[in-house]
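Here the structure is laid out as structure tokens; the discussion comes afterwards.
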Amino acid sequence: MKKYILFSAITLFVVGLQAQNKFKVTPDEARNGSYTISPTLPKDGMIKAGTVLTLKATPATGYIFDSGYYSLPEQWGAMFYEQSTPEFKVKVDKDMNVGACFIPRKAEANLKVVQDIVYAKPGVKPLKYDVYSPKGKQNLPCIVIIHGGGWSSNTESVMRGLARELANSGRYVVFNIDYRWIDKLDGDSTPTQLHQIIEDVYGALLHIAENAAKYGGDSSKLLLTGDSAGGHLSASAANFVERIGDRGFGKTQGVYEFMPTYMPKGKTVAQVRNELAKAIKAATPSYGVFRSEMLTHRFKDYPYLNEIAPINSIPEASKRTVPQLLFRGSEDELIKDEEVKAYERALSKAGQRVEYIQVGGANHAFFDWKPDTKTQATFNKYGKYHAHEMLLFFDSVLEDLNKTENTN
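In terms of the numbering used here, the sequence shown opens at residue 370 and continues consecutively.
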């Protein structure tokens, strides 16, 4: 009897150990296409840890591949890790879902899309952007999108729905940028600080300006937008231009300057500062963080926080105009109405043109695009319409500038 009990205990231990070395892979149902998985999943989906799966996606007639992915459960729902090629590999090291997403062919029929253009590599992660260019167009103004995710998640891919919508107007070339994540989340041994992410954004803007003509863009007309963390970053990049410099951020008392992650060859810091001050025409920060009070739970002391809060460095309109259109969903529990109103008042006090649109019924992140039906439905309900509000605002700003230039 004792031997039987001992044998049973050992058997249970071995089975449990084997179970710990396996993870469940759940394939999501594909819409408007299909995908294969190799090696084939067993019926229970349990796969040995370390197994590399190869997924190959095939769109249905009238559709194109949008992304392949694996997803993990996170605090705010599923976190998607996406791939831009129809054949991709996934290493199984957690319980996960996998799948592929497809969109109508007409969504990109009039666009030339170029992905993964690397603009800098200050750490482990190469920093890159994607370009959405209307076919056959030249000398178009450039919209630059900066994604959200708490400065700690997502990539430029989460804004591709917005990028397509803006570029399909035929009036703008759209650049969709990535940046470093905060702390050590990219795998760097030295933590990334928030001011360095702002430096990444400036580096991206300089790289885009240097190469805009290749994609049909006019580098003298840069228009910025972003949501959530990207709302903070787009407002920061619009407001902090005069503080681009090489004297360091807080290394000397009272000196807080941003050194772009990328610098064009042969140009000085003073040159790029002046060029960006002239080129950045407007911004549309969406449900962003603008005041230092909203940053206290995550970042350093008050001297540091004050220097990375966009509300504290708004240029006077008499010195440099930077019109801004602000968006927020009325049901947003993360960014409150007063956060945006305070920024609106500060812009107005500085003499800047400002408009604030509160979107009835919308929650946080309604400009995002992900493989799941809920996120896509939210974008189609709120994001699409207000993308066109954004376009009208940019049109209006550029029209006013053209009138001023013609008058002078």
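All residues carry an ideal CB built from backbone N, CA and C; glycine is no exception.
- When the five nearest sequence neighbours on each side are left out, the beta carbons in the same chain lying within less than 8 angstroms of the beta carbon of Asn732 are those of Gly698, Glu700, Asp701, Glu702, Thr747, in order along the chain.
- If you look at Pro672, you'll find it in the alpha helix (DSSP H) that goes 671 to 677.
- Between Ile433 and Arg474, the C-beta spacing is below 7 angstroms.
- DSSP, read as helix, strand or coil, puts Gly698 in strand.
- Phe627 is a Cβ neighbour of Tyr571, given a cutoff of 7 angstroms.
- Beyond the five residues adjoining it in sequence on each side, Met528 comes within less than 6 angstroms, by CB distance, of Ile514, His516, Asn545 in the same chain, given in chain order.
- Segment contact: the segment 627 to 639 against the segment 551 to 562, fewer than three CB-CB distances shorter than 8 angstroms; contact not assigned.
- With contacts defined as CB atoms closer than 7 angstroms, Val461 and Thr420 qualify as a contacting pair.
- Per the Cβ contact rule, the segment 441 to 459 is in contact with the segment 732 to 744 (3 or more Cβ pairs under 8 angstroms).
- If you draw a straight line from the Cα of Glu724 to the Cα of Phe392, it comes to about 50 angstroms.
- Counting only runs of at least 3 residues, the segment 580 to 629 fully encloses the following beta strand (DSSP E) elements, listed from N- to C-terminal order: 586 to 596.
- Ile649 sits away from Ala604, with the two beta carbons spaced by 7 angstroms or more.
- Per DSSP, the unbroken alpha helix (DSSP H) holding Gln640 starts and ends at 638 to 648.
- In chain order, Lys425 place their CB closer than 6 angstroms to the CB of Thr405, counting only its own chain and leaving out the 5 sequence neighbours on each side.
- Residue pairing for Asn545: DSSP places it in a beta bridge opposite Asp499, Ile514.
- If you ignore the 5 residues before and after Ser407, its C-beta comes within less than 6 angstroms of the C-beta of Thr423, all in its own chain and listed in chain order.
- Taking 7 angstroms as the cut-off, the beta carbon of Leu645 is found no closer than this to the beta carbon of Ser661.
- Nearest C-alpha to Leu535 among Leu593, Gln622, His666: Leu593.
- Straight through space, the alpha carbons of Glu758 and Thr773 are spaced by roughly 23 angstroms.
- DSSP places Gly419 in the coil class of the three-state scheme, outside both helix and strand.
- In the three-state reduction of the DSSP assignment, Thr665 falls in the coil class, being assigned neither a helical nor a strand state.
- Between the C-alpha atoms of Tyr438 and Ala581 there is a straight-line separation of about 30 angstroms.
- Closest option to Gly600, judged by alpha-carbon separation, among Val709, Thr665, Asn479: Val709.
- Between Tyr498 and Ile577 a beta carbon distance of about 7 angstroms is seen, short of the 8 angstroms cut, so the two are scored as contacting.
- The continuous beta strand (DSSP E) containing Val482 extends over residues 480 to 489.
- Exclusion of the five residues before and after Asp464 leaves Phe392, Lys393 as the residues of its chain whose Cβ lies within less than 7 angstroms of its Cβ.
- Relative to Gly505, the option among Gly657, Leu496, Trp520, Tyr584 whose CA is nearest is Tyr584.
- In the structure shown, the three-state DSSP call for Ile577 is helix.
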